[in-house]
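Here is the structure we will look at.
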Amino acid sequence: MGIRSASVSTLAAVLVAFAPVHAVAQEAQANQGVQDRPRPDYDPLGRRIGGFTLQAGVNLFAGTNDNVFATETNEQDDMEFSVNPYGSLDSNWSRHALSFSAGANFNRFQDFDSENTESSYIGTYGRLDVGRDSNVSASLRLANETEPRTAPDAGGLAEPVEYQRREAQIGAEHTINRFRLSGVIGTNDTDYDGLGQSFRDRTENYVGGRVAVAVSPRLQVLGDVRFDEREYDSAPALNSDGRTIAAGVRMNLTGLLSGEVTVGQFEREYLNDKVDGVAFAGNVQWFATPITTVTLRGRRDVEETGASGAATYIASDMGVRVDHELRRNIILSGGIGRIQREYEAPTDREDEATYADIGVEYLLNRRVALETRYDRFDNSSDGLDRDRDFEVNRFTVGVKIRL
Numbered sequence: 042m043g044i045r046s047a048s049v050s051t052l053a054a055v056l057v058a059f060a061p062v063h064a065v066a067q068e069a070q071a072n073q074g075v076q077d078r079p080r081p082d083y084d085p086l087g088r089r090i091g092g093f094t095l096q097a098g099v100n101l102f103a104g105t106n107d108n109v110f111a112t113e114t115n116e117q118d119d120m121e122f123s124v125n126p127y128g129s130l131d132s133n134w135s136r137h138a139l140s141f142s143a144g145a146n147f148n149r150f151q152d153f154d155s156e157n158t159e160s161s162y163i164g165t166y167g168r169l170d171v172g173r174d175s176n177v178s179a180s181l182r183l184a185n186e187t188e189p190r191t192a193p194d195a196g197g198l199a200e201p202v203e204y205q206r207r208e209a210q211i212g213a214e215h216t217i218n219r220f221r222l223s224g225v226i227g228t229n230d231t232d233y234d235g236l237g238q239s240f241r242d243r244t245e246n247y248v249g250g251r252v253a254v255a256v257s258p259r260l261q262v263l264g265d266v267r268f269d270e271r272e273y274d275s276a277p278a279l280n281s282d283g284r285t286i287a288a289g290v291r292m293n294l295t296g297l298l299s300g301e302v303t304v305g306q307f308e309r310e311y312l313n314d315k316v317d318g319v320a321f322a323g324n325v326q327w328f329a330t331p332i333t334t335v336t337l338r339g340r341r342d343v344e345e346t347g348a349s350g351a352a353t354y355i356a357s358d359m360g361v362r363v364d365h366e367l368r369r370n371i372i373l374s375g376g377i378g379r380i381q382r383e384y385e386a387p388t389d390r391e392d393e394a395t396y397a398d399i400g401v402e403y404l405l406n407r408r409v410a411l412e413t414r415y416d417r418f419d420n421s422s423d424g425l426d427r428d429r430d431f432e433v434n435r436f437t438v439g440v441k442i443r444l
C-alpha cells in the first residue's frame, strides 16, 4: 500500500511552485522563556575542539516509586536509581552546520530487577546553506528505547517493552520576501522486542510541507500538509495511509506571547476502515512577568494502540506549565495535563489520564546543578475492553554534572 499518488503529486507541485524556505525576512527575534534564556554565570561553556564545541554531562538521580508496575491492585513500591550520560558536538561555523549527539539512560530498581531498563541514542544533523535565503538539511537518529509502565496496555506484561527506532529525514527551506516554504521527506522504522510484540513492527514513510506568510514582523499565517504510509511487518490489517491538512498562526508579541497554533483535519485509511477528525497542535508561551513563563500546549491526532486486536484511538493531550525564576540560579517549575484516548470500533474503551509535576533546580555553578522533583500519573479506563485504573507517584532528587 503506497501513499496516494495524487496526494504526493499535489504536494510536489506546491514545493516546485513556491520553491523551498528558511526564515521569513520580517520575522522578529523570538522571546525567551525562563528555561531557555541564557545565564552567563551558570551556563556550561563546553570545550572548543577546532571548529566544534563539545557539550557533555551526566545526570544522577535517586527516588521512590509507589506503584512500580502501574497496577490497579497489589501496588508495589521500590527505590529507583538512574544514570543519564549525554554529549553533543556542534559546529560553530558562520555558514552551514554539522552536529553529532549521543546519550543513554540506565534505570535500576532496588528490589524489582525485572524493571531495570537501558536506553540509548545516537544522531547526526547537517545543514548546507545555499545562498542567503535557502538551505538543505539531513538528519539521522538511531535509538534503543523502553516503554514506561504507564503506557497503554503495558501494565500486565511480564517486563517492560523494549524497541529499536531508526529515523532519517531530508529537508529544504527557502525564503522569498514575505513567503517561507519548507518541505521534508523521511522514514521511521520501529522494531519491538518481547513475547507477543512483533505485530507492532512497522515502517512509516512520510512527506510534508509548510507555507508561512509574514503578515507583519510579529505574525505569520501558516499552512501545513503531511502525507504518510504505515506498513506493519506481520499485521497487514493495521497498514494505513494518513493525511493531515492544517492552518494556523505563529505569533511573537514582544514581552507578551510567543508560539504557534494550527487546526485542521486528519484522515487515516485502513484496509477496511477510515478514521478522521479534527487535528490540533499548539505550543504558546505567555511571559506573565519577566521572571515567570506560562506554557500552554495541546495536540490531537490518531494513533495505533499496543494492544493486539485493537487498531486505533484518537488521542487528545492538553497541558499547562509554569516556570518561575525565584533567583537567577533557582528555577521553580510545575505542570499539569490531561490525556484522553477514544478507541475506535470494535474496541469499546475510553481512557482518561491526568499528570502533574512540580520541581526545583538549583544551579550551583557552571558545572553542577541540583534538582528535586515530584511526579504523579493517574489513569482511568472505561468500557467492555477497558485497561486498568492506577495511580503512580514518584519523588526524585539528583545532581547534574556538566562539562
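Take the sequence shown: its letter number 371 is residue 412 in the numbering used here, and every next letter is one higher.
Backbone N, C-alpha and C fix where the C-beta goes; we use that ideal spot for every residue, glycine too.
Counting every other CB atom within 10 Å of its CB across the protein chains shown gives H215 a total of 16 or more, marking it as buried.
For the segment 177-218, the continuous beta strand (DSSP E) assignments of 3+ residues that do not extend past its boundaries occur at 203-217, in sequence order. For V440, the closest C-alpha among the options P126, N108, R89 is that of P126. Assigned with DSSP and collapsed to three states, P277 falls in helix. Fewer than three pairs of CB atoms, one per stretch, sit closer than 8 Å, so the segment 78-86 makes no contact with the segment 379-388. Beta-bridge pairing by DSSP links L169 to V177. With respect to L130, T187 sits apart: the two C-beta atoms are not nearer than 9 Å.
In the DSSP annotation of this structure, the continuous segment of the beta strand (DSSP E) that includes L130 starts and ends at 119-132. Ranked by Cα distance from F431, the options D398, A394, I442, V325 are led by A394. Taken through DSSP and simplified to helix, strand or coil, D314 comes out as coil. By the Cβ-count criterion, V433 is buried, with 16 or more other Cβ atoms from all chains shown falling within 10 Å of its own Cβ.
Distances from the CA of D152 to each of E113, A138, N108, R207 were compared; the closest alpha carbon is that of N108. Of the residues assessed, R173 falls on the exposed side of the cut-off, its CB having fewer than 16 other CB atoms within 10 angstroms.
If you draw a straight line from the Cα of V363 to the Cα of N313, it is about 44 Å long. Annotation: F220 to H137 spans about 22 Å, alpha carbon to alpha carbon.
Counted as a single uninterrupted DSSP element, the beta strand (DSSP E) harbouring E432 occupies residues 431-443. The three-state reading of DSSP puts R149 in strand, counting E and B together. If you draw a straight line from the Cα of N185 to the Cα of F147, it is about 12 Å long.
In the structure shown, D154 adopts helical secondary structure according to DSSP, grouped into three states. Between the segment 245-256 and the segment 221-233, the count of Cβ pairs shorter than 8 Å is three or higher; the stretches touch.
Bounds of the beta strand (DSSP E) holding S374 are 371-384.
Secondary structure note for V75: it is in no beta strand (DSSP E), with a DSSP letter that is neither H nor E. Judged by DSSP secondary structure, T336 falls within the beta strand (DSSP E) whose first and last residues are 333-345. T231 is classed as buried because its beta carbon has at least 16 other beta carbons within 10 Å across all chains shown. Sixteen is the threshold: since fewer than 16 other Cβ atoms of the shown chains lie within 10 Å of the Cβ of A329, the residue is exposed. Fewer than three Cβ pairs drawn from the segment 155-166 and the segment 386-393 lie within less than 8 Å of each other, which leaves the two stretches out of contact. Restricting attention to Q326, L405, R414, the CA atom closest to the CA of A397 is found in R414. The DSSP-derived three-state label of F110 is coil.
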